[in-house]
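Participant:
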Ligand code: HSE
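Numbering (the working numbering), first residue to last: 54 to 374.
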């Protein structure tokens, strides 16, 4: 990589500010293998190169003091460090400000949005040495740090935009899928804490063959539905017999939230990532607005605070601000 080093002298580099999107992992039936990105919410990273080697976090806002500042513990700095090691530029100094613009532990890929913003920023500052797809393994390191397992179904869509399939983890095989036009996501985050680490530990590690058959039929159906722009097929396929029965217990009023979504015109409904956020896919923004309004009212009746996000599927991944 020494040729790359000489091509990108530090003096030519500067400062960059990047937004990276939240993501809905699993998309109900595709545990660890499907995800999509939304336009909002998301996180912002400001990054500056310096002449003092090492990656440091100088400021974090919007996290209520919950995220570590220590370089080796923070997913942003740790993944940037992995990246610099890979491109043989450990001589570079990096200062990072992380601005959390989305709830932590919400099931919306919060750590992933921060990590991806950081990796996109450093890759830009270093002259775009890697493609978005090549950044996925570095972002997975951040997920490993955040929840103990380097799953890619948040970081890959956050980096690539749109719907993404992780066809295989070993070797890593990441496939971008098409997004049907006008598709919207109606997301509601009930403000109860469900750390991904805990939500992963509660899942059964063995499945019945008949359930596996149901599940892979639905994954194939969902992927086909995206290609065919067939909303009915997408909706029929958004069923999860493996994970949702266990995890939904942690989400207050889950069955009623589903009923409200489906009664008001959702294509399909389920848990976003490991929860507690839930999401519905819709054919237009008006339907999505109506669903979140009804669901938030229901949660209010249960005396649970919530936040709502209505967004088109994000097509571009991270962007420079
Ligand atoms: N696939 C992961 C899980 C996503 O369900 O644990 C976490 O956001």
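C-beta atoms are modelled at their ideal positions from N, C-alpha and C, and glycine is treated no differently.
Which residues in the same chain have their Cβ closer than 6 Å to the Cβ of residue 135, if we skip the five residues on either side of it in sequence?
Facilitator: 191 and 194.
Participant: List, from N- to C-terminal side, the beta strand (DSSP E) runs of 3 residues or more that fit wholly inside the stretch 84-122.
Facilitator: Complete beta strand (DSSP E) runs here, min 3: 87-103 and 107-114.
Participant: Within 10 angstroms of its Cβ, does residue 180 collect 16 or more other Cβ (buried), or is it exposed?
Facilitator: Residue 180 comes out exposed.
Participant: Checking the sheet assignment: what are the DSSP bridge partners for residue 372?
Facilitator: Residue 372 pairs with 72.
Participant: Smallest Cα separation from residue 304: which of 294, 324 and 108?
Facilitator: Checking every option, the nearest Cα to that of residue 304 belongs to 324.
Participant: Assuming residue 246 contacts residue 158 (C-beta within less than 8 Å), just tell me the rounded distance between them.
Facilitator: Their Cβ separation, rounded to whole angstroms, is 6 Å, which keeps residue 246 and residue 158 in contact under 8 Å.
Participant: Go ahead and pull the three-state DSSP assignment for residue 277.
Facilitator: It is helical.
Participant: Among the residues of its own chain, which have a CB less than 8 Å from the CB of residue 294, if the five just before and after it don't count?
Facilitator: Within the same chain, residue 294 has close Cβ partners 264, 267 and 268.
Participant: Leaving out the 5 sequence neighbours to the left and right, which residues in its chain are closer than 8 Å to residue 202 when beta-carbon positions are compared?
Facilitator: Counting only Cβ-Cβ distances below 8 Å, and skipping sequence neighbours, we find 196 and 253.
Participant: For residue 144, is the beta carbon positioned less than 6 Å from some heavy atom of the ligand HSE?
Facilitator: Checking the Cβ of residue 144 against the ligand HSE gives no.
Participant: Indicate, with yes or no, if the ligand HSE has a heavy atom lying under 6 Å from the CB of residue 78.
Facilitator: For the ligand HSE, at least one heavy atom lies less than 6 Å from the Cβ of residue 78.
Participant: Do residue 227 and residue 219 have their C-beta atoms within less than 7 Å of each other?
Facilitator: In contact: residue 227 and residue 219 (Cβ atoms closer than 7 Å).
Participant: Using only alpha-carbon positions, find the residue among 125, 104 and 310 that is nearest to residue 146.
Facilitator: For the residues 125, 104 and 310, the minimum Cα distance to residue 146 belongs to 104.
Participant: Kindly indicate the opening and closing residues of the alpha helix (DSSP H) around residue 178.
Facilitator: That run of the alpha helix (DSSP H) goes 163-178.
Participant: When burial is assigned at 16 or more other CB atoms within 10 Å of the CB, is residue 424 buried or exposed?
Facilitator: Outside the shown range of the chain (54 to 374) lies residue 424, about which nothing can therefore be said.
Participant: Can you say whether residue 108 is buried or exposed, counting buried as having 16 or more other CB atoms within 10 angstroms of its CB?
Facilitator: The residue is buried, with at least 16 neighbouring Cβ atoms inside 10 Å.
Participant: My understanding is that residue 240 touches residue 332, with C-beta atoms under 8 Å, so please give their C-beta distance in whole angstroms.
Facilitator: Sure, about 5 Å apart at Cβ, within 8 Å.
Participant: Can you grab the Cα-Cα spacing for the pair residue 94 / residue 327, in whole Å?
Facilitator: Taking the straight line from one Cα to the other gives about 17 Å.
Participant: Spatial neighbours of residue 73 within its chain, please: C-beta separation below 7 Å, excluding the five flanking residues on both sides.
Facilitator: Correct list, in chain order: 95, 96, 166, 169, 170, 173, 211 and 371.
Participant: Less than 6 Å separating the Cβ of residue 180 from some heavy atom of the ligand HSE?
Facilitator: No, Cβ of residue 180 sits at least 6 Å from all heavy atoms of the ligand HSE.
Participant: Taking the continuous alpha helix (DSSP H) assigned at residue 159, which residues delimit it?
Facilitator: First-last for residue 159: undefined, no H or E at that position.
Participant: Out of 176, 290, 231 and 81, state which residue places its alpha-carbon closest to the alpha-carbon of residue 280.
Facilitator: That would be 231, whose Cα lies nearest to the Cα of residue 280.
Participant: Looking at the structure shown, is residue 293 part of a helix, part of a strand, or coil, going by DSSP?
Facilitator: Coil.
Participant: DSSP puts residue 328 in a beta bridge; with which residues?
Facilitator: Paired residue(s): none; residue 328 is not in a bridge.
Participant: Which class does residue 137 belong to by DSSP, given the choice of helix, strand or coil?
Facilitator: Of the three classes helix, strand and coil, the one that applies to residue 137 here is helix, per DSSP.
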